[in-house]
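Working notes, structure below.
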Amino acid sequence: MTYHWNFASVFDNWWALAIGLAGTLKLFVVCLVFGMTLGLFVALGRRSHRRWLRWLSTFFVEFFRNTPVLVQILWFYYALPILAPIEISPFMAAILGISLNSAAYAAEIYRGGIQSIEPGQWEAARAIGMTGAQTLRRIVLPQAIRRIIPALTNRGVEIFKMSTLASVVAYVELMQQGKLIASLNFNPLEVYTVIAAIFLIILYPIVRVTYAVERRLARSD
Amino acid sequence: MSEPLLRLGGLGKSFGTNLVFSGVDLDVMPGDRIAILGASGSGKSTLLRCINALETPDEGLVKINGTPLLKADGKGRLRSTERDLCALRQRVGMVFQQFNLFPHMTVAGNVAEGLVTVRGMSSGKALERAQAELERVGLGDKGDAYPSRLSGGQKQRVAIARALAMDPEILLFDEPTSALDPALVGEVLGVIEQLANEGRTMILVTHEIGFAYHVATRVVFVAEHGIYETGTPEEVLKHPARPLTQQFLADHQRFQF
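Going down the list, the protein sequences come from chains A and B.
Per numbering that gives the first Met the number 0, the first sequence starts with residue 0, numbered consecutively.
Per numbering that gives the first Met the number 0, the second sequence starts with residue 0, numbered consecutively.
In structure tokens form, the structure reads like this:
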């Protein structure tokens with residue numbers, strides 16, 4: 000059997016893909032910033048002296064890490080408005096699902112990074128009179144983040160790809176637009192191939208940047 | 000008699016059910032140089048680390064110039080605020096066995112860090128001060144290097160400069176030469192001796208008995224969960240009165256020639 004590939008029908012609809020790409024990038028940036036930031040606070044919560052805060056952070060991690068993101072997005076979109084008097088846009092539902100899930104994973108990465116810093120570093124900082132918060136900000140986190148850049152890069156790439164799940168609530172991103180083009184032109188193989196190529200073309204340079212950052216931070220070795 | 004610069008009152012510490020020491024009283028007057036000696040596991044490092052609350056004592060208090068900055072409640076918790084502890088630690092500098100330099104900062108950055116972050120000094124002024132401290136320990140040309148490029152002896156001298164930059168009233172040394180190659184011990188002891196000659200108050204946990212003899216004004220021998228014997232270096236090291244001190248010194252001198 001020979002299949003006749005027809006990419007022309009995909010590129011005829013390049014504008015639809017461009018709109019989708021804009022939606023994907025918007026979702027990626029918001030989820031990246033929100034997920035990575037929240038993850039840091041959750042990680043600190045898991046190391047807190049306050050028992051309730053530790054418990055809450057651990058619950059957060061286990062809940063969002065061990066449930067499917069797809070279900071989370073669907074749930075935020077359909078179930079939340081039933082339980083609370085709020086309207087949720089597809090964009091909002093996707094942000095919540097992807098960010099909270101990523102925060103749970105990122106929290107564990109941060110926690111591992113912070114724990115990998117030798118106790119002597121904390122002690123040396125405390126011994127010159129730094130507070131716990133100053134020690135974390137000036138001494139521990141800069142070293143920890145350097146060590147976890149590869150793991151955080153993984154997470155970032157994963158967030159970018161998870162954005163396709165937002166199509167389940169009809170948020171306009173690449174996957175959603177791809178489905179649309181495919182249903183009009185009956186060319187799903189070509190469309191999804193092009194979408195995969197777009198992901199690769201965008202993600203690879205970003206990953207290269209993180210390698211450069213890693214090298215730059217390693218200059219003290 | 001004037002107020003002691005540092006007073007330890009009834010200091011006690013256990014790890015779980017394992018008693019390290021209890022009821023330790025010690026007064027340190029300005030200009031005192033106290034060497035703490037004792038067998039491995041006798042708790043001398045733990046005692047030193049309780050003074051600036053890197054270990055939490057179970058009982059007792061630490062006073063500086065009459066102000067109690069560290070108070071234990073007898074249940075393994077401190078009754079001091081973080082502010083008190085930070086104030087205490089700024090007045091009591093510490094040098095560690097493993098140096099504990101900040102590897103992501105330059106040598107000058109290490110020394111200036113406390114001045115900038117804790118004292119709020121501008122970074123330009125702090126670096127100027129750091130340079131002066133580095134010159135004092137003979138490393139004026141190393142400011143821009145990262146710690147990973149230094150020898151052990153140089154690292155420890157940077158650690159001393161970092162402690163000095165905060166203008167501490169007392170310096171604590173926790174086995175400062177134990178992690179060093181024997182050939183590098185001399186340069187570090189030289190710096191400590193120079194600080195001693197300047198009349199700085201210090202407490203030194205060490206295995207260098209000869210150094211303790213020459214530099215200390217008082218020797219404290221730790222054994223049996225507390226201060227076992229104390230006196231001038233001449234008394235404790237040359238004419239020890241009690242059996243465990245005698246045994247310890249005999250063991251140390253066994254292979255001398």
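Glycine included, each C-beta is placed from N, C-alpha and C at the ideal position.
No experiment lies behind these values; they were computed from the predicted model shown.
| query | result |
| --- | --- |
| Along the beta strand (DSSP E) that carries residue 253 (chain B), what are the first and last residues, could you check? | Neither: residue 253 (chain B) is in no beta strand (DSSP E) and is coded neither H nor E. |
| Going along chain A, which residues have a C-beta under 9 Å from residue 88 (chain B)? | 125, 126, 127, 128 and 129 |
| Compile a chain-ordered list of the residues in the stretch 145 to 166 of chain A whose CB is closer than 9 Å to at least one CB of chain B. | 145 |
| Which residues of chain B have a Cβ atom closer than 9 Å to the Cβ of residue 142 (chain A), listed in chain order? | 101, 102 and 103 |
| Check the C-beta distance from residue 115 (chain A) over to residue 146 (chain A) and give it rounded, since I have them as a contact under 8 Å. | 6 Å |
| For residue 138 (chain A) and chain B, any beta-carbon pair shorter than 8 Å? | yes |
| Along the chain, which unbroken stretches of the beta strand (DSSP E) at least 3 residues long are found entirely within the stretch 145 to 185 of chain B? | 169 to 173 |
| With a threshold of 16 other CB atoms inside 10 Å of the CB of residue 155 (chain B), please say whether the residue is buried or exposed. | buried |
| Any C-beta of chain B sitting closer than 8 Å to the C-beta of residue 175 (chain A)? | no |
| Taking Cβ-Cβ distances below 8 Å as the criterion, which residues of the stretch 108 to 120 of chain A are in contact with chain B? | 117, 119 and 120 |
| In terms of alpha-carbon separation, which member of B:166, B:182, B:190 and B:170 lies closest to residue 150 (chain B)? | B:182 |
| Threshold first: 3 residues or longer. Then list the beta strand (DSSP E) segments lying entirely within the stretch 200 to 235 of chain B, N to C. | 200 to 204, 217 to 222 and 225 to 230 |
| Do we get a CB-CB distance below 8 Å when we pair residue 221 (chain A) with the residues of chain B? | An answer regarding residue 221 (chain A) cannot be provided, because it is not within the stretch 0 to 220 covered by chain A. |
| Provide the residue span of the beta strand (DSSP E) that contains residue 261 (chain B), from first to last. | With chain B running from 0 to 256 in the structure shown, residue 261 (chain B) is simply not present. |
| So, helix, strand or coil for residue 72 (chain B), using DSSP? | coil |
| As an exercise, report each continuous beta strand (DSSP E) stretch of at least 3 residues that is fully enclosed by the stretch 117 to 149 of chain B, in chain order. | none |
| Taking 8 Å as the threshold (beta carbon to beta carbon), is residue 53 (chain B) in contact with chain A? | yes |
| Please report the straight-line C-alpha distance between residue 143 (chain A) and residue 95 (chain B), rounded to a whole angstrom. | 22 Å |
| Can you round the beta-carbon distance between residue 160 (chain B) and residue 110 (chain B) to whole angstroms, since I take them to be within the 8 Å contact cut? | 5 Å |
| Using the DSSP secondary-structure output, state which residues sit across from residue 21 (chain B) in a beta bridge. | None, per the DSSP bridge assignment. |
| DSSP on residue 95 (chain B), reduced to helix/strand/coil? | coil |
| Straight-line CA distance for residue 78 (chain A) to residue 85 (chain A)? | 10 Å |
| Tell me where the beta strand (DSSP E) around residue 32 (chain B) begins and ends. | 32 to 37 |
| Can you tell me whether residue 123 (chain B) is buried or exposed? The criterion is at least 16 other CB atoms within 10 Å of its CB, across all chains shown. | exposed |
| Leaving out five residues before and five after residue 206 (chain A) in sequence, what residues of the same chain have Cβ atoms less than 8 Å from its Cβ? | 152 and 156 |
| Which of helix, strand or coil does DSSP assign to residue 26 (chain B)? | strand |
| Going by the beta-carbon positions, is the gap between residue 152 (chain B) and residue 179 (chain B) smaller than 8 Å? | yes |
| Go ahead and label residue 237 (chain B) buried or exposed: buried means 16 or more other beta carbons lie within 10 angstroms of its beta carbon, across all protein chains shown. | exposed |
| Name the DSSP beta bridge partners of residue 67 (chain B), please? | B:62 |
| Write down the C-beta distance between residue 42 (chain B) and residue 27 (chain B) rounded to the nearest angstrom, noting that I regard them as a contact closer than 8 Å. | Not a contact, Cβ separation roughly 18 Å. |
| Identify each residue in the stretch 164 to 190 of chain B for which the Cβ-Cβ distance to at least one residue of chain A is less than 7 Å, and report them in chain order. | 165 |
| Secondary structure at residue 100 (chain B), three-state DSSP: helix, strand or coil? | coil |
| Look at the alpha carbon of residue 240 (chain B) and the alpha carbon of residue 228 (chain B), and state the distance between them as a whole number of angstroms. | 8 Å |
| When the Cα of residue 60 (chain B) is compared with those of B:21, B:89 and B:98, which residue comes out closest? | B:21 |
| Name the two residues that bound the continuous alpha helix (DSSP H) containing residue 137 (chain A). | Taken as a continuous stretch (DSSP letters only), residue 137 (chain A) belongs to no alpha helix (DSSP H), as it is neither H nor E. |
| Is residue 40 (chain A) helix, strand or coil by DSSP? | helix |
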